[in-house]
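Chemist: Got a structure for you, questions after.
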Amino acid sequence: MAKDPIKKADNGTYYFRANLGYNPITGKQIQKYRSGFKTKKGALSETQ
């Protein structure tokens, strides 16, 4: 089972970092990072 991608920040808001794959030219990971959600449910709705 995969880990929960949503974490709680020190200031009380929630954030997530999603791996979207790799750049074919550089080989680096492509990541999406969003933060500032007041609830875990709000952050979850953004990831889908």
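With our numbering, letter number 27 in the sequence shown gets 27, and the count goes up by one each step, no holes.
Glycine residues also receive a C-beta, built at the ideal position from the N, C-alpha and C atoms.
DSSP state of Gly21, grouped into three classes?
Modeler: strand
Chemist: Between the beta-carbon of Thr13 and the beta-carbon of Gly36, is there less than 9 Å?
Modeler: Cβ atoms of Thr13 and Gly36: closer than 9 Å.
Chemist: In whole angstroms, give me the CA-to-CA distance for Asn19 and Asp4.
Modeler: 13 Å
Chemist: Rounded to a whole number of angstroms, what is the C-alpha to C-alpha distance between Lys74 and Tyr33?
Modeler: Only positions 1 to 48 of the chain appear in the structure, and residue 74 is not among them; the question remains open.
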